[in-house]
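Report on one structure; see the data block that follows.
Residue numbers (my numbering), protein chains in the order written: chain F, 1 to 134; chain C, 1 to 134.
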């Protein structure tokens, strides 16, 4: 058994030029500086809204795994949700036992410097789910 | 000026039979009973995860506005995010002034018994955004 909590964030894919424009709309929010994550092929920017946040993603590099999403969704869109677990190894074993596919054999380090793993959207009702060890 | 906060929830569209199966996976989470919202053409079920929650949506009635989403995304998917505002009228005026289209002229009562309005996804980088008066 392991603890689950929906992370207080949602991750959106967008074009940065538009995000820059959005910044003007987000006058009540705080925009953090961008952070490149070469291992994941994305650049991230967090928009802080109270004690919650929105993660803006943009493809990084030529083989970014998120490029195909932007090709299919020209204006961007909702990309994934993140669920925090207190024991990612235990969660991964449990999911494998339930035939829920993981997108990598091992957890990688994510945007918050913690181990993360993604689950196959086809095994999660069409939703790309990220697990992060809290 | 008005306060913004990302609601600690994300809304997913799914087929209920699958959700029932998922219930077995969500052993660490609490599933609330379903609630029909005829005015919005959906039935909702909230899954509580710590102090956050996932809203599961299913079409209700023959003219449900979410049916086309399920037609396009057979396995379901991420449907919308909700941003809380402390003054929905002020937020609506501000958004109209910025040419961000609202999907209804007036706010309606949402799943939490509070006024809500949806913003056009094409004006929000492909993301369907719900505003809820907190």
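No residue lacks a Cβ here, since even glycine has one placed at the ideal position from N, Cα and C. A quick note: this is a predicted structure, and the numbers were derived from the prediction, not measured.
State the start and end residues of the unbroken alpha helix (DSSP H) segment that holds residue i.
i	result
residue 138 of chain F	Residue 138 of chain F cannot be examined here, being either before or after the span of chain F that is shown, 1 to 134.
residue 72 of chain F	67-72
Can you find a CB in chain C that lies within less than 8 Å of the CB of residue i?
i	result
residue 109 of chain F	no
residue 75 of chain F	yes
residue 17 of chain F	For residue 17 of chain F, the predicted model reports a pLDDT of 47, less than 50, meaning its position is unreliable; a value from the coordinates is still stated below. Chain C contact via Cβ: absent.
residue 102 of chain F	no
residue 23 of chain F	Note that residue 23 of chain F scores a pLDDT of 48, beneath 50, so its modelled location is shaky; the value from the coordinates is reported in the next line. Not closer than 8 Å to any Cβ of chain C, the Cβ of residue 23 of chain F fails to qualify, so no.
What are the boundary residues of the beta strand (DSSP E) that residue i is part of?
i	result
residue 82 of chain C	77-85
residue 121 of chain F	Note, residue 121 of chain F: premise wrong, no beta strand (DSSP E); not H, not E.
residue 103 of chain C	No beta strand (DSSP E) contains residue 103 of chain C, which DSSP labels as neither H nor E.
residue 132 of chain F	129-133
Which residue or residues does DSSP assign as beta-bridge partners of residue i?
i	result
residue 13 of chain C	C/57, C/77
residue 37 of chain C	C/42
residue 108 of chain F	F/116
At 8 Å on the CB atoms, spell out the chain F contacts of residue i, in chain order.
i	result
residue 127 of chain C	12, 76, 77, 78
I want to see whether chain F comes within less than 8 Å of residue i, judged by CB atoms only; does it?
i	result
residue 81 of chain C	yes
In chain C, which residues lie less than 9 Å from residue i when you measure between Cβ atoms?
i	result
residue 122 of chain F	75
contact_flag[the segment 29-48 of chain C, the segment 110-129 of chain F] where n(CB pairs < 8 Å) is 3 or more
These segments do not touch.
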